Structures are given as C-alpha cells and as structure tokens.
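What follows is a set of notes on a single structure, which appears directly below.
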Amino acid sequence: MSNNDKLLEIKNLHTGFDIGGKTYYAVKDVSFDVNKKEVVCIVGESGCGKSVMSLSIMDLLPKHNGKIDKGQILFQGKDIVPLTTNEMNNIRGKDISMIFQEPMTALNPVLTIGFQMDEVLLNHTRISKEEVRKKSISLLKQVGISRAEQIVHEFPHQLSGGMRQRVMIAMAIACQPQLLIADEPTTALDVTVQAQILELIKQIQEEVGMAVMLITHDLGVVAEMADRVVVMYAGQVVEQSDVDRIFYDPKHPYTKALLGSIPRLEEKIEVLNTIKGIVPSLKNMPETGCRFADRCPEAMPECRTITPELGETEKGHAVRCILYDTSRPAEKAEVQS
Amino acid sequence: MLLYTLRRIVIMIPILIMISIVVFALALAMPGDALSGQIDPSNTKPEYIEEMREQLGLNDPVHVQYGRWAAGILQWDFGRSFVHRMDVTEAIGQRLPNTILLSVLSLLLTYVLAFFMGRYAGRHPYTIGDYGIQGLNYLMLAIPSFVAAIFAIFFFSFQLGWFPATGSIGSGVTPGTMEYYLSKLKHAALPAIVLGMLTTASYTQFLRNDIIENAQKDYVRTARAKGTPENKIYNKHILRNSIIPIVTLFGFDIGSIIGGAVIIETVFTYPGIGELLITSIGRRDSAVVIAITLMLSVATLVGNLIADLLYGVIDPRIRVE
Chain A
1 MSNNDKLLEI KNLHTGFDIG GKTYYAVKDV SFDVNKKEVV CIVGESGCGK
51 SVMSLSIMDL LPKHNGKIDK GQILFQGKDI VPLTTNEMNN IRGKDISMIF
101 QEPMTALNPV LTIGFQMDEV LLNHTRISKE EVRKKSISLL KQVGISRAEQ
151 IVHEFPHQLS GGMRQRVMIA MAIACQPQLL IADEPTTALD VTVQAQILEL
201 IKQIQEEVGM AVMLITHDLG VVAEMADRVV VMYAGQVVEQ SDVDRIFYDP
251 KHPYTKALLG SIPRLEEKIE VLNTIKGIVP SLKNMPETGC RFADRCPEAM
301 PECRTITPEL GETEKGHAVR CILYDTSRPA EKAEVQS
Chain B
1 MLLYTLRRIV IMIPILIMIS IVVFALALAM PGDALSGQID PSNTKPEYIE
51 EMREQLGLND PVHVQYGRWA AGILQWDFGR SFVHRMDVTE AIGQRLPNTI
101 LLSVLSLLLT YVLAFFMGRY AGRHPYTIGD YGIQGLNYLM LAIPSFVAAI
151 FAIFFFSFQL GWFPATGSIG SGVTPGTMEY YLSKLKHAAL PAIVLGMLTT
201 ASYTQFLRND IIENAQKDYV RTARAKGTPE NKIYNKHILR NSIIPIVTLF
251 GFDIGSIIGG AVIIETVFTY PGIGELLITS IGRRDSAVVI AITLMLSVAT
301 LVGNLIADLL YGVIDPRIRV E
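Given below as structure tokens:
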C-alpha cells in the first residue's frame with residue numbers, strides 16, 4: 001500500500017497520566033495506521049487504553065494530568081502532537097471528528113440542538129448564519145431525523161438517546177471529515193437502536209468517503225463493520241490484521257480468548273466462557289514480560305521474563321506474543337540487522 | 001407559566017393570614033406596650049392610663065384586636081406609630097427608599113464582583129489569581145459584618161475621609177439636585193459594600209466551583225471535539241450552565257432588598273427599615289414592628305416565587321407549563 005493511502009499513522013504513542021508525581025502509561029508504544037476510507041475497529045476490554053488512545057489523537061486528554069509523552073500522530077503526513085490548542089481547533093470537527101459513548105451527557109443541556117449543530121459549521125466555515133442553519137437542518141435529515149425543523153429549537157433532554165446520538169453523528173459529519181473516531185457509539189443505547197446507529201455510520205461512511213476508527217468491545221459489531229482490526233490489551237496493540245484473519249486465524253491468545261467468549265447459537269453450554277481475571281490497573285502493570293501472562297491459558301515461564309514485541313507473522317498481520325518467533329525481541333533485532 | 005404564577009399567588013393568601021396571626025400574637029406578647037414606654041407611671045394617674053388603654057382598645061380580647069387590625073390592613077391602614085406620631089405607612093414610606101437604595105447598590109456590587117471574580121477563578125483554578133480571590137473570599141466570609149462595618153467606618157470615614165460615617169444624606173443639600181443624589185449614593189456606598197461582602201464571597205465561590213465542575217463535563221469535551229475555541233467554551237457552554245444557581249439566588253435576594261440589613265443599618269445609623277425595626281422593638285411600637293415583619297414575609301414569599309420563575313426561564317429542563 002502506498003504512503004498516499006495512509007490517512008493516520010500512529011507511531012510509538014505513549015500516553016500517560018501523572019498520579020502522585022509518577023507517570024503511569026495508559027497507552028504504551030502503540031503504532032498502527034488508518035488508511036483513507038477504511039473502517040478500523042479497535043477492540044479490547046474496558047481499561048485497555050482504547051479511549052485514551054482516541055482522546056490522544058483529538059488532544060482531548062484531561063488537561064491537568066494526561067499527556068502524550070512520546071510518539072507521533074501523523075495526520076495526512078503531518079505530526080499533530082506538537083500542535084497548539086488553536087491549531088488543533090482547526091482540525092477538530094473539520095478533518096477529524098469524534099462521537100462518544102454517552103449521548104445522554106455529550107450534549108450541552110442548556111443550549112438548543114440548533115445552536116450546538118450550527119456551532120461546528122460556524123467554527124470551520126465562513127457562511128452566513130441562515131445558511132448554516134439550513135445546512136444543520138439538512139444534516140439532521142441526513143442522519144434520519146425527520147422533524148429536523150422543530151428539533152433545532154429543542155433541548156437535548158427532549159430527545160431520546162438514539163436521537164441524541166444521531167445529532168452527535170450529524171455534528172461529526174457536518175464538515176465532511178476525513179476521519180471519524182467513534183468511541184463505543186452504541187454502548188449506551190438500546191439493542192434495537194444500536195443496529196440503526198451502526199447502519200447509519202456505515203452508510204454515511206460510504207456516502208462521504210471518510211475513514212472510521214470504531215472503538216468497541218462488541219465483536220459482532222467488528223464483524224459487521226471492520227475492514228481491519230486492532231486488538232489492544234493493557235495499553236498495547238497485541239494483534240492487528242484484516243478482519244477475516246482476525247476471525248478465522250487469530251494468533252494472539254488474547255484474541256482467541258475474546259473470540260472464545262462469544263456465545264454461539266449451535267453450542268449448548270451452561271456457563272459462558274470468560275477470560276479469567278481482569279486487565280491490570282495502571283499502577284499494577286508488570287514491568288517486564290507479557291502483560292497478558294497472568295490471564296493467558298498458554299503462558300510459559302518465559303512469558304514473565306521476555307517482553308514480547310509486535311512483529312509481523314505475515315504481510316499485514318502483526319502479533320505481540322513469544323509463541324511467534326517474530327515477536328521475540330532478540331530475533332527481531334537479528335532480522336533488523 | 002401565567003397560570004402557575006397565579007396559582008402560586010393564590011396559595012400565598014392563606015400563608016400570609018397565618019403569618020399575620022403569628023406576628024400579631026408575638027407583638028402582643030412583648031412585655032409592655034406603647035403606653036408604658038410613653039408615659040411615666042409615677043407621674044400619671046393610673047385611672048388616666050387605664051382610660052387611655054380602654055380608648056386605644058388595648059384591653060379588648062386578642063381576637064377582637066386582631067380583627068380590628070386585619071380589617072384596617074385590608075384598607076391599607078396599618079395603624080399609627082405611637083413613637084413617631086404618624087401613620088405606620090408614612091413612617092415606613094420615609095425609610096423605604098433609603099433601604100432600597102442600599103440594597104440595590106449592595107446587590108449590584110455583589111453580582112458584578114462575584115461574576116467577574118468567580119468567572120476568572122473558575123477558568124484559572126489553582127493559579128495565583130485564583131488563590132488571591134479565594135483568600136479574599138475567606139476573609140470576607142470570616143469577618144462578622146458588624147466588625148467589618150466598624151473597621152470600614154474607622155478606616156474609610158475617620159482615617160481617610162472618603163465616605164461619611166453615618167446617616168443617609170449630607171446636611172444642607174436641596175432635594176432633587178445632582179448634589180443630593182450624589183450625597184445619597186455616597187452615604188449608601190460604605191454600608192452597601194459591607195452588606196454585600198458575605199454574599200459576594202459565597203457567590204464567587206459558587207460560581208468558581210460550578211465552573212470547575214462543569215469544565216469536566218462530557219459536553220465540554222464534545223465542544224472541544226468540534227473545534228470550539230476555549231473562550232467560547234467557557235463563556236457560552238460552561239457559563240450558561242454555571243450561572244443557573246446564581247441567577248436563582250437572585251430571586252431570594254430580591255426578598256432581602258426590602259428587608260434591608262438590621263445590623264448594618266444600625267451600625268451606620270443609616271435611616272432604613274432595619275434600623276426602624278430595631279428602634280421600634282426597643283420602644284414597643286408594636287404597630288410598626290408588625291407592619292415591617294409582615295412586609296418582610298411578603299417580600300420573602302415574592303422573592304421565592306421570583307426565584308422559582310427565574311429557574312424556569314434560565315433552565316430549559318425546568319420550564320413550567
């Protein structure tokens with residue numbers, strides 16, 4: 001794939017939080033790309049650093065203690081990490097936009113939908129207020145809100161969760177961004193509404209021709225939407241590949257375990273499969289060795305001493321596990337030399 | 001909204017009747033009456049005092065006295081002040097403009113100062129400026145108003161001579177001239193500042209904390225994700241939310257405009273309602289005491305109503321049908 005197709009390149013991203021004078025990394029050495037017009041799904045349990053990673057891209061980390069320590073985020077070939085807030089404001093909402101998990105709180109409760117819709121257009125375009133309002137209404141219609149003319153005068157509490165998420169999507173696509181980051185956009189919604197919202201994102205993605213970075217822990221959603229999948233665990237990428245290989249030829253034990261925990265219709269089981277244990281918290285992250293070792297069914301003694309690296313097992317399929325030779329740091333060094 | 005307001009006003013009527021009974025009963029329960037304050041018992045025939053009591057109706061049963069008084073009120077007759085030898089309405093009417101000037105001035109100072117200090121401290125928390133404002137706040141909260149008033153008189157009136165120490169008007173100015181109004185303002189300024197100290201400090205703190213809290217909210221993150229400049233985020237998104245509790249308090253403050261400040265007016269010997277209330281209690285001028293207390297009750301009730309209505313106006317989630 002040529003360089004021109006790469007829309008977003010994340011290189012060795014380290015995002016940390018300062019707690020009590022020490023920096024704890026929620027995202028440690030994450031690298032992956034998003035190509036133009038591609039849907040990339042980021043998968044992993046809660047606490048894997050998915051959201052922190054996406055907030056890093058948008059420069060929306062909590063100001064008082066969150067910061068990007070190392071690494072680059074290249075958007076259209078340009079590093080956006082060193083940009084000032086003002087410079088980021090020219091990108092946010094215009095070239096990259098984002099929708100969030102909680103539509104109930106993501107809109108300002110005391111401003112009208114119309115005000116909040118208009119705002120994104122007023123931030124990035126130089127058209128008159130009347131034109132902006134017209135555009136807002138047509139955008140709301142585009143996301144399937146039929147009463148758009150009335151809705152612009154209403155307040156968020158007058159809308160249902162699904163409607164609010166549609167408003168969020170309408171705002172996000174207002175300036176026809178290159179990249180839409182959707183951080184678990186359906187988690188807080190009813191199951192029936194979830195499918196509609198995903199359908200809408202997919203449909204708009206095709207219409208507008210934007211790339212979508214979809215963060216989810218629902219593998220059903222992944223199968224439905226993704227072109228490529230990035231599996232994250234404890235702040236690291238543990239496996240990435242195209243969607244078919246993730247589902248039919250998963251390599252990393254964590255990916256296998258995630259897939260194994262989906263109940264299947266044809267099987268009759270008493271207890272649902274789960275992955276034992278929880279993601280280690282920021283303060284209890286193992287210094288050396290594999291971060292998944294404690295929960296891994298295939299763990300060997302070496303797993304606690306050798307820190308695996310992300311290595312390609314075949315073109316376009318990378319794994320971070322010493323079961324695969326390419327992930328052993330020593331051998332990788334040899335390959336490089 | 002109109003219907004709601006009307007309903008609230010109608011509900012006030014029984015409340016006011018209850019209050020008037022309590023107030024009337026309490027005033028009568030005060031030891032002594034206007035006569036015992038006015039007449040030297042050792043110098044007057046007891047028969048004469050008794051006759052006067054009979055004449056003034058002070059010997060009638062309580063409910064008869066109350067009925068007579070209540071009937072008077074319905075005709076805007078609050079009785080006569082024995083001390084001031086004029087109608088109660090007139091005695092209060094003379095003082096009311098002073099108190100309103102003082103209260104409005106104090107409220108204005110409170111809101112302007114609290115708005116700007118709170119907005120600054122909320123936007124720049126944990127900076128030198130914020131600590132300065134907070135330090136000032138705690139000082140204003142910690143010093144009792146009568147102490148502050150005495151210090152203010154000492155420094156600004158006696159030492160520096162910037163403001164007059166007592167009264168509400170300089171001597172020898174003709175009413176209606178520019179000089180007259182300036183003199184009024186100058187007399188009200190110092191008590192207004194001291195009167196507003198406590199509320200300024202609390203409202204600044206309310207606004208600051210609310211802004212800090214709101215800055216963490218999801219909708220702020222959304223606004224940032226849209227590329228909205230920080231100034232607009234603070235001045236539109238956050239302030240529009242954080243101003244709600246302050247504006248609502250304004251309703252209650254309106255109630256206090258008429259009430260004035262008993263302590264501050266007394267310390268500054270500022271001829272307002274509060275000072276009138278204190279002297280009237282001291283001299284058993286029960287008609288005045290009852291009238292002022294009733295007036296304060298009405299002001300509080302109306303203030304509460306305004307507060308509730310303001311809530312509906314400013315917060316779309318509580319708009320009343």
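Sequence lines, in order, name chains A and B.
Per full-length UniProt numbering, the very first residue in the first sequence carries number 1; after that it's consecutive.
Per full-length UniProt numbering, the very first residue in the second sequence carries number 1; after that it's consecutive.
Note that beta-carbon positions come from the ideal geometry of N, C-alpha and C, so glycine has one too.
The model shown is predicted, which means the values in this text are computed figures rather than measured ones.
Where residue i meets chain A, residues with beta-carbon distance less than 8 Å
i         : result
Asp130(B) : Correct list: empty, because the minimum Cβ distance to chain A is about 14 Å.
Asn241(B) : Asn108, Pro109, Val110
Asp315(B) : Val110
His237(B) : Asn108, Leu111
Gly227(B) : Met88, Asn89, Asn90, Ile91, Arg92, Gly93, Lys94, Val120, Asn123, His124
Glu230(B) : Thr85
Thr99(B)  : Here the premise fails: no neighbours, minimum Cβ distance about 35 Å.
Thr279(B) : Neighbours of Thr279(B) on chain A: none; closest Cβ ~47 Å, over 8 Å.
Neighbour list for residue i in chain B, Cβ cutoff strictly below 7 Å
i         : result
His153(A) : Result: empty, since nearest Cβ-Cβ is about 11 Å, beyond 7 Å.
Met213(A) : By Cβ distance, chain B contributes nothing, its closest Cβ being about 13 Å from Met213(A), past 7 Å.
Asp58(A)  : Residue 58(A) is actually Met in this sequence, not Asp. Those are Ala225, listed as they occur along chain B.
Met171(A) : Lys226
Residue i vs residue j beta-carbon contact at 8 Å
i         : j         : result
Ser241(A) : Val229(A) : yes
Asn108(A) : Tyr219(B) : yes
Thr15(A)  : Gly66(A)  : yes
Ser31(A)  : Lys50(A)  : no
Lys316(A) : Tyr324(A) : The amino acid occupying residue 316(A) in the given sequence is Gly; Lys does not appear at that position. For Gly316(A) and Tyr324(A), no; Cβs fall outside 8 Å.
Ala172(A) : Ile99(A)  : yes
Ser297(B) : Ser103(B) : no
Leu111(A) : Arg221(B) : no
Arg92(A)  : Ala215(B) : no
Ile306(A) : Gly289(A) : yes
Asp60(B)  : Arg284(B) : no
Gln178(A) : Leu7(A)   : yes
Gly118(B) : Leu207(B) : yes
Glu298(A) : Pro253(A) : yes
Met300(A) : Arg291(A) : no
Gln165(A) : Leu139(A) : no
Leu272(A) : Leu219(A) : no
Ile215(A) : Ser54(A)  : yes
Leu277(B) : Val262(B) : yes
Val10(B)  : Val288(B) : no
Tyr270(B) : Ser168(B) : yes
Gln72(A)  : Pro185(A) : no
9 Å Cβ cut-off: residues of chain A touching residue i
i         : result
Tyr219(B) : Thr105, Ala106, Leu107, Asn108, Pro109, Leu111, Gln116, Pro156
Listed by chain order, chain B residues near residue i by CB distance under 8 Å
i         : result
Ser327(A) : Correct list: empty, because the minimum Cβ distance to chain B is about 35 Å.
Ser97(A)  : Ala225, Lys226
Distance between beta carbons of residue j and residue i, contact taken as under 8 Å
i         : j         : result
Met12(B)  : Leu190(B) : At roughly 36 Å, the Cβ-Cβ gap does not stay under 8 Å, so Met12(B) and Leu190(B) are not in contact.
Val194(B) : Ser145(B) : 6 Å
Ala26(A)  : Gly161(A) : That belief does not hold up - the Cβ atoms of Ala26(A) and Gly161(A) are roughly 27 Å apart, past 8 Å.
Lys186(B) : Pro164(B) : 6 Å
Gly251(B) : Gly303(B) : 5 Å
Gly272(B) : Asn43(B)  : Wrong, their Cβ atoms sit about 34 Å apart, outside the cutoff.
Ala188(B) : Leu109(B) : In fact, because the Cβ distance is near 11 Å, the residues do not count as touching under 8 Å.
Ile306(B) : Ile254(B) : 6 Å
Val152(A) : Ser136(A) : 6 Å
Under 9 Å from the C-beta of residue i: neighbouring residues of chain B
i         : result
Glu102(A) : Asp218
Chain A residues whose Cβ lies nearer than 7 Å to that of residue i
i         : result
Thr248(B) : Neighbours of Thr248(B) on chain A: none; closest Cβ ~13 Å, over 7 Å.
Thr127(B) : The premise fails here: Thr127(B) is roughly 12 Å from chain A at the closest Cβ pair, so nothing lies under 7 Å.
Contact the region 88-102 of chain A vs the region 52-63 of chain A: 3+ CB pairs below 8 Å: yes
On the three-pair Cβ rule with 8 Å, is the region 175-183 of chain B touching the region 86-101 of chain B? no
Which runs of the alpha helix (DSSP H) spanning at least 4 residues fall entirely within the region 121-169 of chain A, listed in chain order? 129-142, 148-151
Are the region 66-83 of chain B and the region 13-26 of chain B in contact at 8 Å, needing three or more beta carbon pairs? yes
Using 8 Å as the Cβ pair cut-off and three pairs as the minimum, do the region 203-215 of chain A and the region 239-257 of chain A touch? no
Taking only runs of the alpha helix (DSSP H) that begin and end inside the region 203-237 of chain A, which ones reach a length of at least 4 residues, in chain order? 219-225
Taking only runs that begin and end inside the region 94-148 of chain B, name each unbroken alpha helix (DSSP H) of 4 or more residues, in chain order. 128-142
Three CB pairs or more closer than 8 Å across the region 111-122 of chain A and the region 191-202 of chain A: no
Quick check on the DSSP output: what are the complete alpha helix (DSSP H) runs of length 4 or more inside the region 142-191 of chain B, in order along the chain? 145-152
Segment contact, 8 Å Cβ cut-off, at least three pairs: the region 171-187 of chain A with the region 116-131 of chain A: yes
Is the region 112-128 of chain B touching the region 198-208 of chain B, taking contact as three or more C-beta pairs under 8 Å? yes
Count the C-beta pairs between the region 155-174 of chain B and the region 116-128 of chain B that are closer than 8 Å, then say yes if the count reaches three, no if not. no
Runs of beta strand (DSSP E) lying entirely within the region 234-299 of chain A, each at least 3 residues, in chain order: 236-242
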